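Let me begin by presenting the structure, written as structure tokens, before commenting on it.
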Amino acid sequence: MASYPADLYRALADLITAGHLVQPSAMADTVNESLRPLGMRCRIFLVDLEQRALRALPEAGTAAPEPLPVEDGLAGEAFMNVRMRRSPERPDMLWVPVMDGTERLGVAELTVPVDLPVDDADTHAALTAMTGLLGHLIQAKTSYGDTLRTIRRSRPMSIQGELLWQNLPPLTFATDNVVISALLEPCYEVGGDSFDYAVDNDVVHLGIFDAVGHGLTAGLTTVLTLAAVRAARSRGGDLVDLALAGDQALTSQFSDLRYTSAVLAELDIRTGLLRYLNAGHPAPVVIRGGRAVAYLDERRRMPLGLSDPQGAVAEYQLELGDRLLLYSDGVTEAHVPGGPQFGLDRLIELAQRNIADGLPAPEILRRLTRAVVDRQNGQLNDDATLMMVDWTTAAGPRILP
Amino acid sequence: MFEATVTKEAEPGHRVIAVVGDLDLASADTLVDTVRHMLADGAAVDVTIDLTGASFLDSSGVRALLLVHRATAEQGGSLRVSGARGIVADVLRITAVDEYLGVVPPAKAPPERGPSVGQLPG
Chain A
41 MASYPADLYR ALADLITAGH LVQPSAMADT VNESLRPLGM RCRIFLVDLE
91 QRALRALPEA GTAAPEPLPV EDGLAGEAFM NVRMRRSPER PDMLWVPVMD
141 GTERLGVAEL TVPVDLPVDD ADTHAALTAM TGLLGHLIQA KTSYGDTLRT
191 IRRSRPMSIQ GELLWQNLPP LTFATDNVVI SALLEPCYEV GGDSFDYAVD
241 NDVVHLGIFD AVGHGLTAGL TTVLTLAAVR AARSRGGDLV DLALAGDQAL
291 TSQFSDLRYT SAVLAELDIR TGLLRYLNAG HPAPVVIRGG RAVAYLDERR
341 RMPLGLSDPQ GAVAEYQLEL GDRLLLYSDG VTEAHVPGGP QFGLDRLIEL
391 AQRNIADGLP APEILRRLTR AVVDRQNGQL NDDATLMMVD WTTAAGPRIL
441 P
Chain B
2 MFEATVTKEA EPGHRVIAVV GDLDLASADT LVDTVRHMLA DGAAVDVTID
52 LTGASFLDSS GVRALLLVHR ATAEQGGSLR VSGARGIVAD VLRITAVDEY
102 LGVVPPAKAP PERGPSVGQL PG
């Protein structure tokens, strides 16, 4: 009688139309209005910035449920592994990852009719399409209000955090040939670290930045560097031009030797050729078959802002399946007073263990970052940034639901 | 903990500043102020920063050394940085400021290398 896939797609089309005139705080209600004719109900949870808890979108007339832990329970499992989960006690209850493309935004708790053939391939595809649309809608609506931004915060955001998060690209991007994932801590008080990427015409542009000092001044320095490098890149500049643009922007705005260490790189995802310029930054690591096979520190120059004419572009040929790990010193130097530093060896070993477990790239970074934060008992006194680039042939299945 | 002790050298206008402890965000200004006062007094133009006793160096500490370098250059003088070892030498090498700052390796121990540099055999 009921024709679920067709009905689901119709609800999906309704939602696209209804979505145009919805304020961000009414997203969840609008979704449920579209689902009601199918006898379905949806509760949307977004992951917080530190990726520890899933927080429910507000719904009219209902109290918000408690946040759900990422590392415990079905909701968290669906989020971590990017897989649909069905409650063993409640066959009418599903947990579905909510994705903006390959970016993990959260999970949806779906209450479905008991006769919904969830294991049927067409129904499964329709459900995945629906939560995929949800992810796109949530991302699109985020810019229009504060609700969808603040729901993802477990505490107030600092000024430098506001400045930085508005300027960062999404945390995950993938094509068939490459997966890029990044994470940054401490999310709410982040100062001088930032990262950037852009993928166009089979070239991945990468950047990792660490501005001197802490707090708002470091935040201003890093955002200025980011903007200068992006502007030069959009003008078609090569890596040396990008570095010079960083130098010029920083020396024109600060007279007191504020600098930003950086690695700027371009990866050709057809050939695997990586070109990079290391400006006083810890050397990115190439991981192959569980081992570090290269540290990218050739032809170094001083950090951006110090106008070093010596820096030059170096090259490294990646092999298919290689992972490039970029990091800031806040990762390797994380420690409690008197305790040992987290260290590069530990970082590589942990990365390798998680890669071997077949986890999706954003989940690997979440676990690495968690380990770094735990090393400092949850209190980072320097920014820690991790970025992983996976040059691969089969990116999709591992990071899509 | 941080101390910056100034000693006179035999050559006129040369001072050595021995740094002990952590040269970081908390102590960077102290070092820069010490050098600026010295230069303002006309007591010195050539400065050696001795990092033998330095146990930690962060980006703010590197920036302090760069500011000292600029201050001495503006007086027609020079800066040398000596005695850096262990993680302090690593930071100077990674930041690639060692040549610019006139970093000289410690007198006895050879300069330490990081875990590994450049491309390893695959």
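So the sequence lines, in the order shown, correspond to chains A and B.
Reading the first sequence from the start, the letters are residues 41 to 441 in my numbering.
Reading the second sequence from the start, the letters are residues 2 to 123 in my numbering.
Glycine is no exception: its CB is placed at the ideal position from the N, C-alpha and C atoms.
Since the model is a prediction, treat every value here as computed from it, not as a measurement.
Using a Cβ-Cβ cutoff of less than 6 Å, which residues in the same chain neighbour Arg92(A) once the five nearest sequence positions on both sides are dropped?
The residue labelled residue 92(A) in the question sits at position 52 within the first sequence. Here the set comprises Val110.
Using the C-alpha atoms, what's the distance from Ile404(A) back to Gly277(A)?
Position 237 of the first sequence, counted from the first residue, corresponds to residue 277(A). Position 364 of the first sequence, counted from the first residue, corresponds to residue 404(A). So the two alpha carbons sit approximately 33 Å from each other.
Which residues mark the beginning and the end of the beta strand (DSSP E) in which Asp140(A) is found?
Position 100 of the first sequence, counting from 1, holds the residue named residue 140(A). Its beta strand (DSSP E) spans residues Met133 to Asp140.
For Ser295(A), does the three-state DSSP call read helix, strand or coil?
Residue numbering aside, residue 295(A) sits at position 255 when the first sequence is read from its first letter. Ser295(A) falls in the coil class under three-state DSSP.
Where are the alpha helix (DSSP H) runs, 4 residues long or more, that stay fully inside the stretch 269-321 of chain A, in chain order?
Contiguous alpha helix (DSSP H) elements confined to the stretch 269-321 of chain A occur at 279-293, taking only those with 4 or more residues.
How would you call Ala103(A), buried or exposed, if buried means at least 16 neighbouring beta carbons within 10 angstroms?
Translated into the one-based positions of the first sequence, residue 103(A) becomes position 63. So Ala103(A) counts as exposed.
Can you name, in chain order, every residue of its own chain whose Cβ lies under 6 Å from the Cβ of Val118(B), other than the five neighbours on each side?
Translated into positions along the second sequence, residue 118(B) becomes position 117. Because the pLDDT of Val118(B) is 41, which lies under 50, any placement of that residue in the model is unreliable, and the number read from its coordinates should be weighed accordingly. Nothing meets the Cβ criterion.
What would DSSP say about Asp240(A), mapped onto helix, strand or coil?
By one-based count along the first sequence, residue 240(A) stands at place 200. Strand, per DSSP.
Looking at the C-beta of Thr96(B), does it have a partner C-beta in chain A at a distance below 7 Å?
Residue mapping note: residue 96(B) aligns to position 95 of the second sequence, counting from 1. So, interface residue.
Please list the partners that Arg340(A) has in chain B, where partner means a Cβ-to-Cβ separation under 7 Å.
By 1-based counting over the first sequence, the position of residue 340(A) is 300. Going along chain B in sequence order, the residues near Arg340(A) (Cβ under 7 Å) are Ala97.
Counting beta carbon pairs with one atom in the stretch 246-255 of chain A and one in the stretch 48-61 of chain B, are three or more of them shorter than 8 Å?
yes
Does DSSP put Pro105(A) in a helix, in a strand, or in coil?
Within the first sequence, the letter at position 65 stands for residue 105(A). The answer is coil: DSSP assigns Pro105(A) none of H, G, I, E or B.
Considering only DSSP beta bridges, list what Ala27(B) is partnered with.
Position 26 of the second sequence, counting from 1, holds the residue named residue 27(B). Answer is none; Ala27(B) lacks a bridge partner.
Residues in the same chain with beta-carbon distance under 8 Å from Thr168(A), minus the five sequence neighbours each way, listed in chain order, please.
Taking the first residue of the first sequence as 1, we reach residue 168(A) at position 128. Cβ within range, chain order: Met124, Val136 and Pro441.
Flag this pair as yes or no: are the beta carbons of Leu203(A) and Val269(A) separated by less than 7 Å?
Taking the first residue of the first sequence as position 1, residue 203(A) is located at position 163. Taking the first residue of the first sequence as position 1, residue 269(A) is located at position 229. No, they are not a contact pair.
Using the C-alpha atoms, what's the distance from Arg340(A) back to Pro112(B)?
For the purposes of this step, residue 112(B) is taken as the residue at position 111 of the second sequence. For the purposes of this step, residue 340(A) is taken as the residue at position 300 of the first sequence. Residue placement at Pro112(B) cannot be trusted, given a pLDDT of 47 that sits under 50; the coordinates are not used to answer.
So, using beta-carbon positions, are Met442(A) and Arg363(A) closer together than 7 Å?
Because chain A is modelled from 41 through 441, residue 442(A) falls outside the range shown and cannot be assessed.
Using DSSP with H/G/I as helix, E/B as strand and the rest coil, what is His70(B)?
As a working mapping, residue 70(B) is identified with position 69 in the second sequence. Assignment of His70(B) by DSSP, reduced to helix, strand and coil, places it in the helix class.
Name the chain A residues whose beta carbon is nearer than 9 Å to that of Leu93(B)?
What you label residue 93(B) is simply residue 92 of the second sequence in a count that begins at 1. The premise fails here: Leu93(B) is roughly 10 Å from chain A at the closest Cβ pair, so nothing lies under 9 Å.
Assign Thr182(A) to one of three DSSP states: helix, strand, or coil.
Against the first sequence, residue 182(A) aligns to sequence position 142. Helix.
Leaving aside the five residues before and after Asp348(A) along the sequence, list all residues of the same chain whose C-beta is less than 6 Å from its C-beta, in chain order.
Position 308 of the first sequence, counted from the first residue, corresponds to residue 348(A). Closer than 6 Å at Cβ, skipping near neighbours: Arg341 and Met342.
Would Gly253(A) count as contacting chain B if we go by Cβ distances under 7 Å?
As a first step, residue 253(A) is located in the first sequence; it is residue number 213 there, counting from the start. With 7 Å as the cut-off, Gly253(A) counts as an interface residue toward chain B.
What residue ranges within the stretch 198-266 of chain A form continuous alpha helix (DSSP H) runs of no fewer than 4 residues, ordered along the chain?
Segments of the alpha helix (DSSP H) lying fully in the stretch 198-266 of chain A: 199-205.
Tell me the rounded alpha-carbon separation between Glu99(A) and Met120(A).
Indexing the first sequence from 1 puts residue 99(A) at position 59. Indexing the first sequence from 1 puts residue 120(A) at position 80. Going by the C-alpha atoms only, they are around 25 Å apart.
Below 7 Å on C-beta distance, what does Thr343(A) contact in chain B?
Locating residue 343(A) in the first sequence gives position 303, where the first residue counts as 1. Contrary to the premise, residue 343(A) reads as Pro rather than Thr in this sequence. Ordered by position in chain B, the residues that pass the 7 Å Cβ test against Pro343(A) are Thr96.
Could you check whether the Cβ of Leu322(A) sits closer than 7 Å to any Cβ belonging to chain B?
Looking up residue 322(A) in the first sequence gives position 282. First, the amino acid is wrong: residue 322(A) is Pro here, not Leu. At least one chain B Cβ lies under 7 Å of Pro322(A).
Quick check on DSSP: helix, strand or coil for Ala100(A)?
Your numbering for residue 100(A) matches position 60 in the first sequence. Correct three-state label for Ala100(A): coil.
Taking just the CA atoms, how far does Leu399(A) sit from Pro128(A)?
Within the first sequence, numbered from 1, the residue matching residue 128(A) stands at position 88. Within the first sequence, numbered from 1, the residue matching residue 399(A) stands at position 359. The straight-line gap from Cα to Cα measures roughly 23 Å.
Looking at the structure shown, is Ala93(A) part of a helix, part of a strand, or coil, going by DSSP?
Taking the first residue of the first sequence as position 1, residue 93(A) is located at position 53. Of the three classes helix, strand and coil, the one that applies to Ala93(A) here is strand, per DSSP.
Nearest by alpha-carbon distance to Asp140(A): which of Gly101(A), Leu114(A), Ala214(A) and Pro153(A) is it?
Numbered from 1 along the first sequence, position 100 holds the residue referred to as residue 140(A). Cα-wise, what sits closest to Asp140(A) is Ala214(A).
Please go through the same chain and pick out, in chain order, the residues whose beta-carbon is closer than 6 Å to the beta-carbon of Val24(B), but skip the five residues on each side of it.
To locate residue 24(B), count along the second sequence from 1; it is residue 23. It should be noted that the sequence gives Leu, not Val, for residue 24(B). The answer, listed in chain order, is Ala55, Leu58 and Gly62.
Using CA atoms only, rank isn't needed, just tell me which of Arg144(A), Ile388(A) and Trp431(A) is closest to Leu412(A).
Here residue 412(A) refers to the residue found at position 372 of the first sequence. According to the sequence displayed, residue 412(A) carries Val and not Leu. Selected option, being the one with the closest Cα: Ile388(A).
Any Cβ of chain A within less than 7 Å of the Cβ of Ser61(B)?
Against the second sequence, residue 61(B) aligns to sequence position 60. So, interface residue.
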